[in-house]
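I have placed the structure first, in the form of structure tokens, so that the comments after it can refer back to it.
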Amino acid sequence: MRDLNALLEIRGLSKRIPSARESSGERVLLHKIDAVIREPESIAIMGGSGQGKSTLLRILACLDSADEGDMYVRGASCSSMEPAKWRSQVCYVAQHAVMLPGSVEDNLRTVSRLHGTVYEQPLAERLMKQSGLDHIPMKGPAGDLSGGEKQRLALIRSLMLRPAVLLLDEVTASLDAISGRLVEDILLEWHREEGAALVWVTHHADQASRAASRIWTLKDGTLTDSELSCESGISDETAGSVRER
Ligand SMILES: Nc1ncnc2c1ncn2[C@@H]1O[C@H](COP(=O)(O)OP(=O)(O)O)[C@@H](O)[C@H]1O
Ligand SMILES: [Mg+2]
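Residue numbering for the sequence shown follows the UniProt record's numbering, beginning at 1 and increasing consecutively.
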């Protein structure tokens with residue numbers, strides 16, 4: 001049954017990919033996935049390598065297509081919406097940041113321009129400072145930044161769209177421990193203050209415990225949804241599927 005008040009609703013999503021074993025066969029990567037984000041929650045996606053976590057996020061961001069199923073943001077179907085409009089509400093942040101041509105500021109402004117939103121300079125400055133990037137010249141080339149700096153700039157670029165749902169694909173994996181925690185804290189503060197839902201792919205049970213209240217575990221094409229209470233921490237089964245990697 002459709003949940004018209006949900007922030008994000010996923011109904012019957014399936015994805016088949018060419019099988020690595022047989023040249024003509026197919027493998028079902030995602031099998032009729034149903035999931036609902038009813039309110040601005042923070043959700044961790046876990047599961048072994050190759051289980052389809054990134055593919056699911058890319059489908060949710062309308063960057064990859066499903067073979068079956070549909071999804072809805074605040075009741076509006078993805079299949080009846082311009083992809084750019086969908087992506088301004090459901091925004092994917094990749095594990096390896098890609099910079100747009102031009103300066104740091106161009107990167108921040110271009111996204112606002114593409115989506116027809118106002119460029120909020122005070123917000124850009126606040127997020128740069130919070131992310132430890134305030135020493136970086138805004139007019140300097142974005143391509144010269146280090147990998148970790150690019151990752152943080154890409155995240156700021158996405159936050160400035162104020163999406164309803166942020167899809168975070170191992171966004172702290174390439175950062176050192178201190179920068180990783182900094183980014184985690186910024187995202188959690190954003191989640192609390194702006195009411196954005198967060199969906200994090202992570203391989204770290206401790207990060208999931210800190211940052212999420214619910215876990216989606218992907219295994220053999222199916223998604224299992226479980227609550228994560230502060231007291232109980234992460235379940236052995238989920239931790240096991242992470243250790244399997
Ligand atoms: N469009 C595609 N065509 C062929 N194979 C794909 C496609 N998308 C993903 N895959 C494969 O699907 C599997 C799952 O990929 P991925 O979603 O990146 O998993 P995870 O993020 O859980 O590690 C991988 O084996 C990947 O090579
Ligand atoms: Mg992945």
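Where is the CB? At the ideal position from N, CA and C, for every residue including glycine.
None of these values were measured; they are calculated from a predicted model.
Any heavy atom of ligand 1 closer than 6 Å to the beta-carbon of residue i?
i, result
"Gly52", "yes"
"Ile186", "no"
"Ser49", "yes"
"Leu29", "yes"
"Ile45", "no"
"Thr55", "yes"
"Ile178", "no"
"Ile17", "yes"
Opposite residue i in the DSSP bridges: which residues?
i, result
"Pro141", "Ser103"
"Lys219", "Thr222"
"Val171", "Answer is none; Val171 lacks a bridge partner."
"Cys91", "Leu166"
"Trp86", "None; Trp86 has no bridge partner."
"Lys32", "Answer by DSSP bridge pairing: none, since Lys32 is not bridged."
"Met71", "Ile10"
"Pro18", "Glu26"
"Ser42", "Leu198"
"Arg214", "Ile43, Glu227"
Can you grab the Cα-Cα spacing for the pair residue i / residue j, in whole Å?
i, j, result
"Ala164", "Ala20", "36 Å"
"Ser174", "Val73", "30 Å"
"Ile10", "Gly50", "21 Å"
"Glu68", "Ser14", "5 Å"
"Leu145", "Ile136", "9 Å"
"Leu127", "Ser65", "32 Å"
"Asp102", "Tyr119", "The sequence as given places Gly at residue 102; Asp does not occur at that position. The alpha-carbon atoms of Gly102 and Tyr119 are separated by roughly 16 Å."
"Arg243", "Gln207", "Reliability fails at Arg243, whose pLDDT of 37 lies under 50, so the model's placement of it is uncertain and the value that follows must be treated cautiously. So the two alpha carbons sit approximately 14 Å from each other."
"Asp106", "Thr224", "41 Å"
"Ala177", "Gly148", "11 Å"
"Gln121", "Leu100", "18 Å"
Is it true that the segment 26-37 meets the segment 84-98, where meeting means three or more beta-carbon pairs spaced less than 8 Å apart? no
Under 8 Å: do the segment 73-82 and the segment 40-54 share three or more Cβ pairs, one atom per stretch? no
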